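First the structure, in the form of structure tokens, and then the observations on it.
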Amino acid sequence: MVWWTDNVDHMRKRVRSRQNTSVSLAANLELRMVAGPGYKRNISAARLLHYRTTSRELGRWMSASEPPDVCIAALPALEWVNSALNVGESKRFPVVVDCRDMWPDLFVDLLPAYLRWPGRLALSPLFRQKQRALRRAFAISGITAQFLEWGLAAAGREHNGLDFVAHHAYPVPEYGEDTLAECAEWWDRAGIVEDRGLLTICFFGMLASGFDFEPVMMGLRRMGNRAPEIRLIICGEGPNLRDIQRSAYGLDGVYFAGHVSGAHIKTMMDRSDVALAPYVGTRNFMSNIPGKISEYLSAGLPVLSGIGGAIGAYLTSNQCGWRYSGAAGFAESVANLIDEPDLRLRAKERAKEAFERDFRADRVVAQAERALRLIADRWGGWRGLG
2 MVWWTDNVDH MRKRVRSRQN TSVSLAANLE LRMVAGPGYK RNISAARLLH YRTTSRELGR
62 WMSASEPPDV CIAALPALEW VNSALNVGES KRFPVVVDCR DMWPDLFVDL LPAYLRWPGR
122 LALSPLFRQK QRALRRAFAI SGITAQFLEW GLAAAGREHN GLDFVAHHAY PVPEYGEDTL
182 AECAEWWDRA GIVEDRGLLT ICFFGMLASG FDFEPVMMGL RRMGNRAPEI RLIICGEGPN
242 LRDIQRSAYG LDGVYFAGHV SGAHIKTMMD RSDVALAPYV GTRNFMSNIP GKISEYLSAG
302 LPVLSGIGGA IGAYLTSNQC GWRYSGAAGF AESVANLIDE PDLRLRAKER AKEAFERDFR
362 ADRVVAQAER ALRLIADRWG GWRGLG
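Numbering (the numbering used here), first residue to last: 2 to 387.
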């Protein structure tokens, strides 16, 4: 198996290497990193330039390589998807387009309402590229049923029996006892000791435009004399950090821990009662169940979600979380969780069950592997008939 990617650490926006790099990760797994200029913001012209540059190099490198039995090309980015499709058609192997972001629709969704029509018009070349790419795909996959339907609609066709859904899988990391003990001590020194007398809410992620903390902070202010019964631990960095800190001014139960390691995340999730997912209600998020949700569920943490959509429906149907609406809704949800500890315990059990069934990495990978084997077999039969 060959894993093609670019040379950027997308969490920290750092360029890993200035030249093409190939690394053997295991006996049957090779990582190939395509060099490009990099970018600093997820939604920016620099990101588009980065994908355009790396897609050309990807096409050259793939064309000179042994063709695979099947290729799965993730959307975004359109440029990479088109390069994979071009090489697939040239070297005769099937390409599956995997819909992981509603690209370029998300650009338009983030604009003010009065700018969406001109924004859509300005981005019409990208929308045409998306439609052509999805029509050329031998099969389409998506991280949720909603994402798959979005891809099929763009392709202008119905399900063909090969299209499939593969949720964001989460491989549960393992840490040594000494490492976890050191992290627990670090939290203690930070003043965030284990205290089951408090309702502890945790958040981990990039503090950027995809999250809306304003209803959360306003909701905490509504708690009045119950505020000391709650603490919110926010871990992460990003362009919106200062704004979120300002909105939390005067709230003694809100802690900003900065960027922390995976082991620190593990120990804090073990100390928490519920996780926070304050996503902005764009169509991209409303149709999505992000990987952060599966990470929370893996620790048996029920989730407080700021949006409905796919996340809200999943949490409700599996009884492993709740959706709040605005500051009043957040305050009401938190008050219920304080007053009903048995509700929290039942939701914790359901969270773990949901993770094991729907997001555990080995199960998701096995399902995707079966789907890809079927695609490769069907392609072989189709070529034989040709």
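Glycine included, C-beta positions come from ideal geometry on N, C-alpha and C.
These numbers were taken from a predicted model, which means no experiment stands behind them.
- For Leu199, there is no enclosing beta strand (DSSP E), as DSSP marks it with neither H nor E.
- Rounded to the nearest whole angstrom, the C-alpha separation of Gly259 and Phe214 is 16 Å.
- Here Ser23 has Glu31, Leu32, Arg33 and Met34 as same chain residues with Cβ atoms under 8 Å from its own Cβ, once five neighbours each way along the sequence are excluded.
- The beta carbon of Gly225 lies closer than 8 Å to none in the same chain, with the five residues before and after it left out.
- Residue pairing for Ser23: DSSP places it in a beta bridge opposite Arg33.
- Within the same chain, and ignoring the five residues on either side of Val255 in sequence, the residues whose Cβ sits closer than 6 Å to its Cβ are Leu233 and Ala249.
- Listed in chain order, the non-local C-beta contacts of Trp4 below 6 Å within the same chain comprise Leu32, local neighbours out to five positions each way being set aside.
- Phe205 is positioned such that its CB atom lies no closer than 7 Å to that of Pro279.
- Within the same chain, Cβ atoms closer than 6 Å to the Cβ of Ser299 are found at Tyr171, Val173 and Phe356, the five residues on either side in sequence being excluded.
- Beta-bridge partners of Thr6 (DSSP): Met34.
- When DSSP states are grouped into helix, strand and coil, Phe331 belongs to the helix group.
- Residues Cys72, Ala74, Ala85, Leu86, Gly89, Ala138 and Phe139 of the same chain have their beta carbon placed closer than 7 Å to that of Val96, with the five preceding and five following residues left out of the count.
- Contact between Gln320 and Arg351 holds: CB atoms are separated by about 5 Å, below the 8 Å threshold.
- For the set Ile339, Phe128, Thr180 and Gln130, the Cα lying nearest the Cα of Leu200 is the one of Ile339.
- According to DSSP, residue pairing for Arg361 in a beta bridge involves Tyr171.
- By the neighbour-count definition (other C-beta atoms within 10 Å, threshold 16), Lys41 is an exposed residue.
- Within the segment 60 to 136, complete alpha helix (DSSP H) segments of at least 4 residues are found at 79 to 92, 106 to 110 and 114 to 123, given in chain order.
- Scanning Ile376, Ser25 and Leu112 for the CA closest to the CA of Ser210 turns up Leu112.
- In the three-state reduction of the DSSP assignment, Gly322 falls in the strand class, which pools E and B.
- Here Glu296 is buried. Its C-beta has 16 or more other C-beta atoms within 10 Å.
- Burial state of Arg361 is buried, judged by a 10 Å Cβ sphere holding 16 or more other Cβ atoms.
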